[in-house]
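K.L.:
Protein chains in written order, with our numbering: chain A, -5 to 338; chain B, 125 to 467. The beta-carbon is built from N, C-alpha and C at its ideal position, and this holds for glycine as well. As the structure is a computational prediction, the values presented were derived from the model and not from experiment. Provided herewith is a single structure, encoded as structure tokens, for subsequent inquiry.
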């Protein structure tokens, strides 16, 4: 795996609709290594390699859940709204980066002596919270950032333990990194391999919908980072996935049912190559596959995910071997179509 | 009709796994259509070109849509006692399915059950399972793989002057289209049939099928709740329903005129219906590409999502006559053109 790429991608600021920094990194990584590289009207980055008749699409969305600056208080605090699904409980007291230049800030927390009298600890609603960037007035704050600026967790990627990778935005810079690594190094003659780095997945699968229409693929994979509910007292199937058991294949979710034949092909490839894999046992939530499979006359679409603990929070945790397994499996998938072993 | 319905309700087909239903329908309609094929998502699509004294020029396209899938579930894991953990797929009613038989693709039976409860409100997914009679987890794992789907098991039976059985939502709709097709003679339309996938879940197959057809008029044939809560107007036995509006779609004048004209020609007694919530595949069909004039023909049905859904033969016969008249009649000139948008 290209850890430098994943580091750069996860540390970039890229909330829904504000994916520019992520797109710039991917452009730089792919420029000169693919046959076509373009950005569409909504901001999707679409790369193509090869010009064969069978079109294969690998999708990874660029956006991460985050916040956006919605106003300024007279005291110089930033008001904010959520952009994507974030649990109120993970907000207070967290260090954040504001804007593409990563201005440091912190989400304010009621001082201990003020909350002592409360009968029950409660999740403070997001609307009661503000971000402190050290400004002393509205004017000072507005000189440092703007309405609509994206806000993300101030988290650097760290390797920990023999296999762990901790970072923010693993959902879904993991998918971006997988698609980018694969298309950059792919050698294809018989197929057209597309990588779509999609916008606005977290708020409604919006980029993938229009990108899939442009590419009109014969088969597609959504590459994702999915929830792993491991923790004390949680056992399968409630864990949904397990860290270190390999890439997770989806049966279905709230937006798509994966065709059985396509999933079985992925399983056969993994088994032949000795790549461990697992199933994502949750049947709800959604991915870009939900829109890709409905493009035009319909597209058989599967989902390959890397399990992630503490997803949609300030620090997710993935297992290096799950990433490596996903990378190997998706490479084999592309090869199987290139060699004509699998005809979508 | 009962024989056709019995055959269709016996076919195994939860959402996303409709191949057996598609195969059964393909065999039934092949003698009556010019083309039949399955598409990338598993929809069964058929074309019947115009017959009789058709006018010159390109024929107008009429699309009839009915989803093939029935409510079911998916196995997500195992208990230590050898039962299957599962999640519902489509409109499976846990309360109604509790204690009922379910069936897997290979014919294996199970019983949907769970911890004993006194109050139906306590029936929750977390305390339910599917019991396949395995004596251990190992046995269960060997018999049924995680990720396999099941449907509600049952057979079509007479119930007084009505019929009861599983999957009547929407094999009744499929049957109505097939029966109307069988007796169709001359038709000025290029008639397209779409037996669609995943309609229990969302208008998925219907959307991609419509994209491939680009019809001038589409009619979705689907089961509709009879005497349900939320003020649903349809009554069982009062004839097929002409839906005026639901949570995802509203009937516009051009499609309404075509449907009312056909009903009058066939002498079909129909009932108007408005659903405040819920929707059919029409919600997806109407907004494909530039937009499609779309109607919904409802077949009243009781006890939706259970192994004993009930329909009335008279309602079904009315739907067949109605669809037959619609396919037989000249399309109104304004249908499918900008003029259908009205003033």
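Go ahead and pull the three-state DSSP assignment for residue 126 (chain B).
P.N.:
In the structure shown, residue 126 (chain B) sits in a helix (DSSP, three-state: H, G or I).
K.L.:
Tell me where the alpha helix (DSSP H) around residue 314 (chain A) begins and ends.
P.N.:
Note, residue 314 (chain A): alpha helix (DSSP H), 314 to 332.
K.L.:
Identify the residues that DSSP records as bridge partners of residue 233 (chain B): which are they?
P.N.:
Looking at the DSSP assignment, residue 233 (chain B) forms a beta bridge with B:227.
K.L.:
Over what stretch of residues does the beta strand (DSSP E) that includes residue 61 (chain A) continue unbroken?
P.N.:
That run of the beta strand (DSSP E) goes 60 to 66.
K.L.:
Of all the CB atoms in chain A, is at least one closer than 8 Å to the CB of residue 146 (chain B)?
P.N.:
No, because no Cβ of chain A sits closer than 8 Å to the Cβ of residue 146 (chain B).
K.L.:
Determine which residues share a DSSP beta bridge with residue 299 (chain A) and list them.
P.N.:
Beta-bridge pairing links residue 299 (chain A) to A:218, A:242.
K.L.:
What residue from B:359, B:134, B:242 has the CA that sits closest to residue 289 (chain B)'s CA?
P.N.:
Looking at the Cα atoms, B:134 is the closest of the given residues.
K.L.:
Name, please, each residue of chain B whose Cβ falls closer than 8 Å to the Cβ of residue 277 (chain A).
P.N.:
The contacting residues are 198, 200, 211, 213.
K.L.:
If you reduce the DSSP assignment to three classes, tell me which class residue 139 (chain A) lands in.
P.N.:
Residue state, collapsed to three classes: coil.
K.L.:
With a threshold of 6 Å on Cβ separation, who are the neighbours of residue 310 (chain B) within its own chain once the five nearest residues in sequence on each side are excluded?
P.N.:
175, 176, listed in sequence order.
K.L.:
Relative to the C-alpha of residue 365 (chain B), which candidate in B:380, B:184, B:152 has its C-alpha closest?
P.N.:
Nearest option by C-alpha distance: B:380.
K.L.:
Can you round the beta-carbon distance between residue 339 (chain A) and residue 217 (chain A) to whole angstroms, since I take them to be within the 8 Å contact cut?
P.N.:
Absent from the model: residue 339 (chain A). The displayed extent of chain A is -5 to 338, so no value can be given.
K.L.:
Identify whether residue 337 (chain B) lies in helix, strand or coil by the three-state DSSP scheme.
P.N.:
Note: residue 337 (chain B) maps to helix in three-state DSSP.
K.L.:
Whose CA, out of B:293, B:410, B:368, B:419, lies closest to the CA of residue 396 (chain B)?
P.N.:
If we check each option's Cα against that of residue 396 (chain B), B:368 comes out closest.
K.L.:
Using the C-alpha atoms, what's the distance from residue 350 (chain B) back to residue 162 (chain B)?
P.N.:
Answer to the nearest angstrom: the Cα atoms are 32 Å apart.
K.L.:
Quick check on the DSSP output: the beta strand (DSSP E) that includes residue 255 (chain B) runs from which residue to which?
P.N.:
Residue 255 (chain B) -> beta strand (DSSP E) spans 252 to 255.
K.L.:
Residue 228 (chain A) versus chain B: which residues are under 7 Å apart at the beta carbon?
P.N.:
Those within 7 Å of residue 228 (chain A) in chain B number zero; the least Cβ separation is about 13 Å.
K.L.:
Tell me where the alpha helix (DSSP H) around residue 177 (chain A) begins and ends.
P.N.:
Its alpha helix (DSSP H) spans residues 164 to 179.
K.L.:
With respect to the alpha helix (DSSP H) encompassing residue 265 (chain A), which residues constitute its N-terminal and C-terminal limits?
P.N.:
Run containing residue 265 (chain A): 254 to 267, per the alpha helix (DSSP H) assignment.
K.L.:
So is residue 215 (chain A) in contact with chain B if we call contact Cβ pairs under 8 Å?
P.N.:
Chain B contact via Cβ: absent.
K.L.:
Look up residue 326 (chain B) in the DSSP assignment and say whether it is helix, strand or coil.
P.N.:
Note: residue 326 (chain B) maps to coil in three-state DSSP.
K.L.:
With a cut-off of 8 Å, do at least 3 Cβ pairs link the segment 41 to 55 of chain A to the segment 128 to 147 of chain A?
P.N.:
No, the segment 41 to 55 of chain A does not touch the segment 128 to 147 of chain A.
K.L.:
Can you tell me whether residue 55 (chain A) is helix, strand or coil according to DSSP?
P.N.:
The answer is strand: DSSP assigns residue 55 (chain A) an E or B state.
K.L.:
Out of B:147, B:207, B:294, B:437, which one is the CA nearest neighbour of residue 262 (chain B)?
P.N.:
Comparing Cα positions, the closest option is B:207.
K.L.:
The segment 215 to 244 of chain B: which residues have C-beta closer than 7 Å to a C-beta of chain A, in chain order?
P.N.:
Cβ contacts with chain A: none found.
K.L.:
Classify residue 245 (chain B) as helix, strand or coil using the three-state DSSP reduction.
P.N.:
Residue 245 (chain B) falls in the helix class under three-state DSSP.
K.L.:
Could you please tell me which residues of the segment 134 to 161 of chain B, in chain order, have their CB closer than 8 Å to any CB of chain A?
P.N.:
Per Cβ criterion, the list reads 139, 140, 141.
K.L.:
Taking the beta strand (DSSP E) that residue 396 (chain B) falls in, what are its first and last residues?
P.N.:
From DSSP, the beta strand (DSSP E) with residue 396 (chain B) extends over 395 to 398.
K.L.:
By the DSSP assignment, the alpha helix (DSSP H) with residue 23 (chain A) in it spans what residues?
P.N.:
Here the alpha helix (DSSP H) through residue 23 (chain A) covers 14 to 24.
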